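As they're listed, the protein sequences go chains A and B.
Residue numbers for the first sequence, in the numbering used here: 1 to 408.
Residue numbers for the second sequence, in the numbering used here: 409 to 889.
Reviewing the structure listed below.
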Amino acid sequence: MTKELRIVLVVPTFPKVSETFIVSKFRGLLDRGMDIHVLCNRRGETNDGVFPELRQIDEVPQRIRSSWPRRPIAFVLLMYPLVLFLTFIRRPVLTCRYLVKGFLKFGLGIGKRFYLDAAFISLNPDIIHFEFGSLAAEKMYLRELLDCKVTVGFRGYDLNFVGIEDPDFYRDVWKRADGLHLLGDDLWKRALNRGCDELAFHTLIPPAIDTAYFRSKETVADRSCDTLNILSVGRLDWRKGYEYALQSVKSVVEDGIKCRFTIVGDGNYLESISFAVHQLGLDNIVYLKGACSREEVREIMQSSDIFLHAAVSEGFCNAVIEAQAMELPVVSTDAGGLPENVIDGTTGFIVPRRDPRALANSIMALAESSELRGRMGEAGRKRVLQEFRIGDQITAFEKFYRNVADKT
Amino acid sequence: MPQAKKQLRLLIVGLKWPAETFLAQLFKGLLGRDIELTVTSSTKPSQEWLDHPNFRWLHTPSWDVSIVSRGYWLCWLWLGAAMRSLLRRAWSMEQGGKSKEHGAGSVEHGGKSKEHGAWSMEQGGKSKEHGAGSMEQGGGSEESGGGLEKIRERIRRTYRYLPFIGRTWDVIYFPWNSGAIDYSELMGIGIPSVISCRGAQINIAPHNPKRRRIKDELRTTFQGASKVHCVCEAIRTEAESYGLDPAKTVVITPAVDIEFFSPARNGEKPENRLRIVTTGSLIWRKGYEYALTGVYDTLSRGIEIDFSIIGDGPERQRLLYTIHDLKLTSQVKLLGNLTREAVRSELQNSHVFLLSSVSEGISNAALEAMACGLPVITTDCGGMTELITDGVDGLTVPVRDSAAIAMAIATLSEDKKLRDRMGRKGREKVCTEYSLESQIDQFEELICNTATRAEHGAGSREQGAGSRKQGAGSRKQGAKR
Numbered sequence: 001m002t003k004e005l006r007i008v009l010v011v012p013t014f015p016k017v018s019e020t021f022i023v024s025k026f027r028g029l030l031d032r033g034m035d036i037h038v039l040c041n042r043r044g045e046t047n048d049g050v051f052p053e054l055r056q057i058d059e060v061p062q063r064i065r066s067s068w069p070r071r072p073i074a075f076v077l078l079m080y081p082l083v084l085f086l087t088f089i090r091r092p093v094l095t096c097r098y099l100v101k102g103f104l105k106f107g108l109g110i111g112k113r114f115y116l117d118a119a120f121i122s123l124n125p126d127i128i129h130f131e132f133g134s135l136a137a138e139k140m141y142l143r144e145l146l147d148c149k150v151t152v153g154f155r156g157y158d159l160n161f162v163g164i165e166d167p168d169f170y171r172d173v174w175k176r177a178d179g180l181h182l183l184g185d186d187l188w189k190r191a192l193n194r195g196c197d198e199l200a201f202h203t204l205i206p207p208a209i210d211t212a213y214f215r216s217k218e219t220v221a222d223r224s225c226d227t228l229n230i231l232s233v234g235r236l237d238w239r240k241g242y243e244y245a246l247q248s249v250k251s252v253v254e255d256g257i258k259c260r261f262t263i264v265g266d267g268n269y270l271e272s273i274s275f276a277v278h279q280l281g282l283d284n285i286v287y288l289k290g291a292c293s294r295e296e297v298r299e300i301m302q303s304s305d306i307f308l309h310a311a312v313s314e315g316f317c318n319a320v321i322e323a324q325a326m327e328l329p330v331v332s333t334d335a336g337g338l339p340e341n342v343i344d345g346t347t348g349f350i351v352p353r354r355d356p357r358a359l360a361n362s363i364m365a366l367a368e369s370s371e372l373r374g375r376m377g378e379a380g381r382k383r384v385l386q387e388f389r390i391g392d393q394i395t396a397f398e399k400f401y402r403n404v405a406d407k408t
Numbered sequence: 409m410p411q412a413k414k415q416l417r418l419l420i421v422g423l424k425w426p427a428e429t430f431l432a433q434l435f436k437g438l439l440g441r442d443i444e445l446t447v448t449s450s451t452k453p454s455q456e457w458l459d460h461p462n463f464r465w466l467h468t469p470s471w472d473v474s475i476v477s478r479g480y481w482l483c484w485l486w487l488g489a490a491m492r493s494l495l496r497r498a499w500s501m502e503q504g505g506k507s508k509e510h511g512a513g514s515v516e517h518g519g520k521s522k523e524h525g526a527w528s529m530e531q532g533g534k535s536k537e538h539g540a541g542s543m544e545q546g547g548g549s550e551e552s553g554g555g556l557e558k559i560r561e562r563i564r565r566t567y568r569y570l571p572f573i574g575r576t577w578d579v580i581y582f583p584w585n586s587g588a589i590d591y592s593e594l595m596g597i598g599i600p601s602v603i604s605c606r607g608a609q610i611n612i613a614p615h616n617p618k619r620r621r622i623k624d625e626l627r628t629t630f631q632g633a634s635k636v637h638c639v640c641e642a643i644r645t646e647a648e649s650y651g652l653d654p655a656k657t658v659v660i661t662p663a664v665d666i667e668f669f670s671p672a673r674n675g676e677k678p679e680n681r682l683r684i685v686t687t688g689s690l691i692w693r694k695g696y697e698y699a700l701t702g703v704y705d706t707l708s709r710g711i712e713i714d715f716s717i718i719g720d721g722p723e724r725q726r727l728l729y730t731i732h733d734l735k736l737t738s739q740v741k742l743l744g745n746l747t748r749e750a751v752r753s754e755l756q757n758s759h760v761f762l763l764s765s766v767s768e769g770i771s772n773a774a775l776e777a778m779a780c781g782l783p784v785i786t787t788d789c790g791g792m793t794e795l796i797t798d799g800v801d802g803l804t805v806p807v808r809d810s811a812a813i814a815m816a817i818a819t820l821s822e823d824k825k826l827r828d829r830m831g832r833k834g835r836e837k838v839c840t841e842y843s844l845e846s847q848i849d850q851f852e853e854l855i856c857n858t859a860t861r862a863e864h865g866a867g868s869r870e871q872g873a874g875s876r877k878q879g880a881g882s883r884k885q886g887a888k889r
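Encoded structure:
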């Protein structure tokens with residue numbers, strides 16, 4: 001062995017609360033001694049103390065790079081010579097190689113691409129890993145130009161609906177990727193449906209969470225039960241199906257159950273959701289908490305009785321794993337990988353998506369029996385400890401990258 | 409002394425040009441009634457509009473476009489324009505003041521105007537705070553964070569009002585509440601104003617926790633306006649909860665061009681499967697996911713239908729996903745944006761119009777469908793129950809209820825006679841109650857009333873005179889210096 005593999009994880013924004021899994025993957029692989037970097041377009045919430053784990057290691061800041069700014073155009077023109085110069089000084093051979101090969105492939109268009117790819121060139125990676133399939137669709141040429149391996153992760157929306165109109169949207173990815181990472185079986189099936197070769201090198205690694213961190217202090221059955229505390233955590237987006245969740249809560253309320261529904265998260269559909277709250281007459285029952293830190297989420301989960309997840313499109317959903325780790329029974333739809341996440345009837349209930357009535361029935365079943373809630377909560381915790389441990393996930397990723405690197 | 413009827417000058421503020429069809433047809437109608445329209449927008453209207461003798465366009469460049477992206481030289485151009493405008497403003501104030509005080513006399517100002525011009529420039533900032541213009545009246549309420557941010561906001565506001573300086577109109581019309589909020593200071597300068605309440609900005613925005621301020625802004629603008637137009641009773645009730653004075657309110661329903669939108673000539677439609685159509689931007693308010701689930705339910709009952717969605721918007725991906733997820737790719741078509749003619753022929757070739765909105769004022773799309781003789785299935789939100797009588801010209805279903813939508817589709821799919829009868833009734837209703845002519849009549853009346861009331865109404869006159877005096881005072885003050 002000569003040097004450690006250099007892996008670059010490509011994400012749009014880093015770090016980001018709703019994409020905590022990438023932060024923990026980065027930290028985990030770094031702790032295993034891999035030469036891992038993150039390349040993002042935008043810096044996320046770095047200084048709010050949201051991610052203390054990123055500040056514990058001194059070398060972290062050097063490992064997070066953002067690509068050169070693309071706007072305003074005048075600034076780009078100003079920066080271009082400088083970027084060219086800096087990249088050339090750092091990687092003279094690779095820069096020449098990129099430009100020559102690129103020119104043969106794209107003609108003069110490579111000039112523009114160079115600016116966008118400069119950060120890749122100066123990192124000189126062994127493996128580029130696109131964390132979302134949609135990022136990779138246009139970038140597969142980097143494999144030839146930089147003479148490195150390219151792997152692609154699929155996490156849900158990228159296979160569920162990005163480019164769904166275009167049958168060739170991922171053709172390049174299926175043809176050229178050295179390895180695919182998918183969260184679960186459902187996504188693999190979707191990949192096959194969208195033209196992926198059955199023999200393509202792929203691995204299914206479900207998300208994982210810090211089970212020591214997400215740990216309940218008491219079991220659900222012990223919690224006070226004059227009001228039923230229902231909780232949803234996730235970005236306010238149409239994919240999460242909050243409108244159906246609200247309708248189901250409405251029928252639960254109408255059936256005479258005293259409850260309180262807390263929604264944690266922020267997003268573009270705040271207006272839609274707050275309007276639905278008003279229209280359904282749930283102003284005194286629903287609490288829109290906005291975005292919360294990890295501690296706050298744990299705190300709120302601690303004081304909740306049921307975790308409700310009404311998604312219509314989902315990859316796997318980390319929040320549901322966290323809820324199970326916190327011993328919350330889960331009422332969830334059957335969207336995407338959720339049936340692989342929650343065991344129907346054991347750790348929670350799986351119901352058809354877009355069906356508020358079915359959601360309500362499951363909530364009612366749980367509302368009536370604190371014994372059932374306790375049993376399902378315990379089963380959930382057990383399952384998470386078996387299946388979704390962060391250590392196992394990191395080991396699996398390490399193995400995946402080594403396999404990809406050894407491939408010829 | 410009898411005078412020829414003076415042409416009304418109407419200023420329309422807060423538009424993104426090209427305007428929505430229903431606004432464009434209203435404007436065309438008003439132009440036809442010999443009202444001079446001045447439209448403000450950052451984009452240039454088409455030549456067809458500009459060629460109309462009564463149409464003026466006031467360029468209000470948006471802040472981002474002209475200053476930030478196009479470069480700083482435009483700032484200098486604007487500064488030049490601003491100075492010119494200030495000069496003109498001083499001129500017109502002089503002229504305006506005189507003509508109102510002494511009738512027609514508007515002579516002697518040659519030398520003075522320069523003096524005043526100089527004053528305006530010196531006093532520019534101050535006069536805005538307490539002088540004649542009182543442009544920044546509402547601006548004070550804009551409590552924004554730091555000092556720098558405040559200065560920026562102030563510059564931005566001043567910049568926004570520059571194009572208006574030095575000109576005058578009889579009535580200001582805000583076709584959207586948002587426009588009235590953005591340009592609320594225009595209501596403080598003595599020109600009567602009319603605001604339209606159409607739907608989402610009253611129904612939805614105030615409930616958004618991040619836009620709480622809009623409640624107060626609505627209240628302020630309702631107080632400042634001389635008249636407020638609501639598209640239906642439901643919106644009026646909603647708006648009254650934000651402090652709208654019922655005495656100021658006028659309900660004028662939207663209208664449809666019944667000549668253009670008419671039932672198919674030959675009358676025969678392909679009858680093998682039921683064709684359902686809907687028109688509207690692809691936005692969450694339209695509740696398309698409920699419509700698609702309803703279509704899915706209908707199909708699983710074994711009823712063969714096609715569903716076309718005309719329009720485009722941010723939710724396209726959501727709809728595509730839902731269509732794929734429910735395996736409706738062969739039954740549901742997303743047609744995108746179509747021309748008016750194509751919309752008409754699509755309506756004429758369909759059997760039922762479906763509106764699944766979770767919130768509406770009165771849907772213009774439904775009006776167009778009724779004019780084409782289609783029965784309408786609609787949710788019972790907003791003014792839709794005022795438009796559709798359940799069982800007569802369509803069927804109403806509860807909001808967010810796909811099972812009810814499926815039921816309604818099933819009812820109509822079985823009964824061709826019912827569809828025809830409802831379609832005929834719908835067409836009749838639209839022709840008598842929602843015709844373009846009567847809508848324009850009502851608008852003309854509203855605008856003329858607003859203008860004349862402001863002239864004769866004692867209260868408003870005093871107020872006007874007061875502010876004029878105040879203005880004169882500060883002018884003297886300036887002259888002394």
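All residues carry an ideal CB built from backbone N, CA and C; glycine is no exception.
Here the structure is a predicted model, which is why all the values come from computation and not from measurement.
Alpha carbon to alpha carbon, what distance is there between residue j and residue i?
{"i": "Leu198/A", "j": "Asn585/B", "result": "Checking the displayed sequence, the identity of residue 198/A turns out to be Glu instead of Leu. Those two C-alpha atoms are separated by around 56 Å."}
{"i": "Tyr569/B", "j": "Tyr591/B", "result": "8 Å"}
{"i": "His37/A", "j": "Thr13/A", "result": "14 Å"}
{"i": "Val162/A", "j": "Leu187/A", "result": "13 Å"}
{"i": "Leu795/B", "j": "Ile770/B", "result": "7 Å"}
{"i": "Lys424/B", "j": "Ser449/B", "result": "6 Å"}
{"i": "Lys656/B", "j": "Ile580/B", "result": "15 Å"}
{"i": "Leu707/B", "j": "Ile684/B", "result": "13 Å"}
{"i": "Glu530/B", "j": "Leu494/B", "result": "A caution first: Glu530/B carries a pLDDT of 34, below 50, which makes its placement in the model unreliable, though a value can still be read off. Straight-line Cα distance between these residues: approximately 10 Å."}
With H, G and I counted as helix, E and B as strand and the rest as coil, what does DSSP make of residue i?
{"i": "Ile7/A", "result": "strand"}
{"i": "Leu280/A", "result": "coil"}
{"i": "Phe103/A", "result": "helix"}
{"i": "Pro617/B", "result": "helix"}
{"i": "Trp238/A", "result": "helix"}
{"i": "Ser521/B", "result": "Since pLDDT at Ser521/B reaches only 36, below the 50 mark, its modelled position is unreliable, and the value read off the structure follows with that caveat. It is helical."}
{"i": "Ser67/A", "result": "coil"}
{"i": "Leu434/B", "result": "helix"}
{"i": "Ser474/B", "result": "With a pLDDT of 48 at Ser474/B, under the threshold of 50, the modelled position of that residue is not reliable, and the figure given next carries that caveat. Correct three-state label for Ser474/B: helix."}
{"i": "Ile450/A", "result": "With chain A covering 1 to 408 only, the question about residue 450/A has no answer from this structure."}
{"i": "Tyr569/B", "result": "helix"}
{"i": "Leu707/B", "result": "helix"}
{"i": "Thr661/B", "result": "coil"}
For residue i, count neighbouring C-beta atoms within 10 Å of its own C-beta (all shown protein chains included) and say buried if the count is 16 or more, exposed if not.
{"i": "His386/A", "result": "In the sequence as displayed, the identity of residue 386/A is Gln instead of His. Answer is exposed; the Cβ neighbour count stays below 16."}
{"i": "His467/B", "result": "exposed"}
{"i": "Gln279/A", "result": "buried"}
{"i": "Glu845/B", "result": "exposed"}
{"i": "Pro600/B", "result": "buried"}
{"i": "Gln739/B", "result": "buried"}
What residue does the beta strand (DSSP E) around residue i start on, and which one ends it?
{"i": "Val636/B", "result": "635-638"}
Just grab the DSSP bridge partners of residue i for me.
{"i": "Lys149/A", "result": "Ile127/A"}
{"i": "Trp425/B", "result": "DSSP output for Trp425/B lists no bridge partner at all."}
{"i": "Leu734/B", "result": "For Leu734/B, which the question treats as bridged, DSSP gives no partner whatsoever."}
{"i": "Asp344/A", "result": "Gly348/A"}
Specify, as a first and last residue, the run of the alpha helix (DSSP H) that residue i falls within.
{"i": "Ala23/A", "result": "With the sequence shown as reference, residue 23/A is identified as Val, and Ala is not the correct amino acid for it. Here the alpha helix (DSSP H) through Val23/A covers 20-31."}
{"i": "Val38/A", "result": "Taken as a continuous stretch (DSSP letters only), Val38/A belongs to no alpha helix (DSSP H), being part of the beta strand (DSSP E) at 35-43."}
Is residue i near the ligand HEM, going by C-beta to nearest heavy atom under 8 Å?
{"i": "Asp334/A", "result": "As presented, the structure is devoid of all ligands, the ligand HEM included, so that no description of it is given."}
What residues from chain C crowd round residue i, counting only those whose CB sits closer than 9 Å?
{"i": "Ile263/A", "result": "Any reference to chain C falls outside this structure, whose protein chains are A and B."}
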